[in-house]
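S.K.:
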Amino acid sequence: MRGNKPPQPLQEDAIFKGLDPAVQEFLNWKIKKMNEVMNHKSKSFQEIIENKLMEIQTLKATLAKLKSDQEQAARARDSPSLELKALKTELLRHKSKNEMLQKESAEASALVKKHKKDCEKSDKKVLELKAMYAEQKDKYEKQLSEQANAQAKRVDELKKLNKALKEDLSLQSRDWEKNKNS
Numbered sequence: 003m004r005g006n007k008p009p010q011p012l013q014e015d016a017i018f019k020g021l022d023p024a025v026q027e028f029l030n031w032k033i034k035k036m037n038e039v040m041n042h043k044s045k046s047f048q049e050i051i052e053n054k055l056m057e058i059q060t061l062k063a064t065l066a067k068l069k070s071d072q073e074q075a076a077r078a079r080d081s082p083s084l085e086l087k088a089l090k091t092e093l094l095r096h097k098s099k100n101e102m103l104q105k106e107s108a109e110a111s112a113l114v115k116k117h118k119k120d121c122e123k124s125d126k127k128v129l130e131l132k133a134m135y136a137e138q139k140d141k142y143e144k145q146l147s148e149q150a151n152a153q154a155k156r157v158d159e160l161k162k163l164n165k166a167l168k169e170d171l172s173l174q175s176r177d178w179e180k181n182k183n184s
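Count along the sequence shown from 1, add 2, and you get the number used in my numbering.
Take a look at the structure:
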């Protein structure tokens, strides 16, 4: 033993507070056992104390790590993981994209319906125009036929008139020749 002071019994460390009760109980038991060892008078008393102090330091470091791990686990339990957040973000993005596509689909559907109505109106208008064209064509063909018939009659009349004029001219020419020779 170094010095004249008897070894001081170990006290419960503040780092033990907030730990699981079973762990605290184990540590208290360990401290109690170490205190018993320190109180025991033997030749290797100092070595035992130093070994036990090293064990205590190791235990304190292990407990600090455990406490840190517990806190980290509690934080992980309380807050969603990054992967879950990424999945939620991806889900929201897909949901937004889906809503946008549905809106575009509805707009496209409305445009198709409007185009279909416009086509139906155009088809109806085309049919009306075709009917008007057929009617106008019939009228025009009838008019052309009547004009052709009228012109044919007129040509016939003009041919008759021309023939009559030629005959008359021929007669006048003969009469003139007779008058001239006489």
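Each residue gets a CB set at the ideal place from its N, CA and C atoms; glycine is no exception.
The structure presented is a predicted model; accordingly, all values stated were derived computationally and were not measured.
(1) Is L84 helix, strand or coil by DSSP?
(2) Could you check whether the stretch 31–39 touches the stretch 75–95, counting it as contact only if at least three pairs of C-beta atoms, one from each stretch, sit closer than 8 Å?
(3) Please report the straight-line C-alpha distance between M3 and I33, rounded to a whole angstrom.
(4) Mapping DSSP to helix, strand and coil, what is L167?
(5) Can you tell me whether K132 is buried or exposed? The criterion is at least 16 other CB atoms within 10 Å of its CB, across all chains shown.
(6) Would you tell me roughly how many angstroms separate the C-alpha atoms of E2 and K35, rounded to the nearest one?
(7) My assumption, with CB atoms under 8 Å, is that L21 sits in contact with K69. Please give the rounded CB distance.
(8) Quick check on L29: buried or exposed, where buried means 16 or more other Cβ atoms within 10 Å of its Cβ?
(9) Count the other CB atoms within 10 Å of the CB of L61; is the residue buried (16 or more) or exposed (fewer)?
(10) With a threshold of 6 Å on Cβ separation, who are the neighbours of N183 within its own chain once the five nearest residues in sequence on each side are excluded?
M.R.: Once the coordinates are examined:
(1) helix
(2) no
(3) The predicted position of M3 is uncertain, since its pLDDT is 44 and thus under 50; no value can be drawn from it.
(4) helix
(5) exposed
(6) In the structure as shown, the chain begins at 3 and stops at 184. Residue 2 is therefore absent and cannot be evaluated.
(7) Contact between L21 and K69 holds: their C-beta atoms lie close to 6 Å from each other, under 8 Å.
(8) L29 is buried by the Cβ-count criterion.
(9) Around the C-beta of L61, 16 or more other C-beta atoms lie within 10 Å, and the residue is accordingly described as buried.
(10) none
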